[in-house]
Amino acid sequence: MADHLKIAKKLESRKLAKINFNPTRIADLDTLLCDTYDRLSPKEVHYNSRRELIRIFNMMAEEIYGKSAFSPVVEEYGSFVMDIFNEGSDLDLSINFSDPVEMSRQNKIETLRRFGRKLRSIQKSGHVTALEVIVSAKVPIIKVTDTGTGIECDLSVENWDGIAKSHIIRAISAIDERFQKLCLLMKSWAKAHDINSSRDATLNSFSIISFVAFHLQTRNPPILPPFSALLKDVDS
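Here it is as structure tokens:
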């Protein structure tokens, strides 16, 4: 960690030396960034539309599997849970079963295919569009766009790792509001420059968020504590 910190500081100093920036304009830059954040931040309607989609996908799960103890629950994760999203962000969903035994890849694919068949029938009536069942990916997913809201939904099966990371980031955001703000600004900047897509072999959102966290952890004084300190009680 110490070596990485030295390298980061060296690169940062080298880059800053090339920038002709007037310190008296920092207040103007701060105002500009705050205005940009306010414009990008989701409104209540964007929260509500995503909650409604989660409800609909859970209704769909009941229609596919019936009402029983073995029926899955569709749970949100990703940017919506982290509260680092805007109007155009995707909605990440995980189809979770109550069985403590880890599901095999083949069973996950079969689950997605069952949802895919249901979504295909809905697509015919025009409620969804751009349906893709991608089973060859490292994490098999369904991509589908809700016609009414234009929100693209990404469904995976038992994505416990994604769910855990999302709740950890949400908890870290509560430490200092600058973390959440800078994450949203950086994600929007990366998207505008076409470097926020793991599908296109660029940075995924979690990588960008990790960069932001590292930056805030390495200020003097630090704005965020090391993750190891935050997760100490969880591991013990």
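Residue numbering for the sequence shown follows the UniProt record's numbering, beginning at 1 and increasing consecutively. C-beta: ideal position from N, C-alpha, C; glycine also.
Residue range of the beta strand (DSSP E) that includes residue i
{"i": "V74", "result": "V73 to Y77"}
{"i": "A134", "result": "Residue 134 is actually Ile in this sequence, not Ala. From DSSP, the beta strand (DSSP E) with I134 extends over V128 to I134."}
{"i": "S156", "result": "E152 to V157"}
Cβ-based neighbour list, residue i, same chain, cut-off 6 Å, excluding 5 preceding and 5 following
{"i": "S236", "result": "Residue placement at S236 is poorly supported in this model, since its pLDDT is 49, which falls under 50; the coordinates still yield a value, given next. Within the same chain, S236 has no close Cβ partners at all."}
Proximity to residue i [Cα-Cα], best of the options
{"i": "V128", "options": "I109, I151, V139 and N107", "result": "I151"}
{"i": "E158", "options": "E110, S94, R199 and P100", "result": "S94"}
{"i": "V111", "options": "G162, S166 and V74", "result": "The sequence shown places Thr at residue 111, rather than the Val named in the question. Of the listed residues, the one whose Cα sits closest to T111 is V74."}
{"i": "S166", "options": "F21, M59 and G78", "result": "G78"}
{"i": "N140", "options": "N107, Y65 and R120", "result": "Per the sequence presented here, residue 140 reads as Pro, with Asn not at that position. Of the listed residues, the one whose Cα sits closest to P140 is N107."}
{"i": "L91", "options": "N58, I122 and L53", "result": "L53"}
Segment limits, alpha helix (DSSP H) that includes residue i
{"i": "A164", "result": "W160 to S173"}
{"i": "V144", "result": "No alpha helix (DSSP H) contains V144, which is instead part of the beta strand (DSSP E) from I141 to D146."}
{"i": "D38", "result": "I26 to L40"}
{"i": "E52", "result": "E44 to Y65"}
{"i": "S210", "result": "S205 to Q217"}
{"i": "N96", "result": "Premise fails: N96 lies in the beta strand (DSSP E), L91 to N96, not in any alpha helix (DSSP H)."}
{"i": "S188", "result": "E177 to A192"}
{"i": "L112", "result": "R105 to K124"}
{"i": "F227", "result": "F227 to L230"}
Own chain, CB closer than 8 Å to residue i, minus 5 neighbours either side, in chain order
{"i": "L216", "result": "D176, R178, F179, L182, P222, I223 and L224"}
{"i": "A130", "result": "K143, V144, T145 and E152"}
Cβ neighbours of residue i in the same chain (closer than 7 Å, five flanking residues each side left out)
{"i": "A69", "result": "S98"}
{"i": "A17", "result": "none"}
Handout entry: Three or more C-beta pairs below 8 Å linking the region 186–201 and the region 143–160
Key = no
Exercise for the section: Could you tell me whether the region 201–213 touches the region 180–187, where touching means 3 or more Cβ pairs closer than 8 Å? Expected result: yes
Problem - Touch test, the region 217–224 against the region 166–181, Cβ-Cβ under 8 Å, three pairs minimum - result: yes
Practice task
May I ask you to verify whether the region 75–84 touches the region 107–126, counting CB pairs closer than 8 Å and requiring at least 3?
Solution key: no
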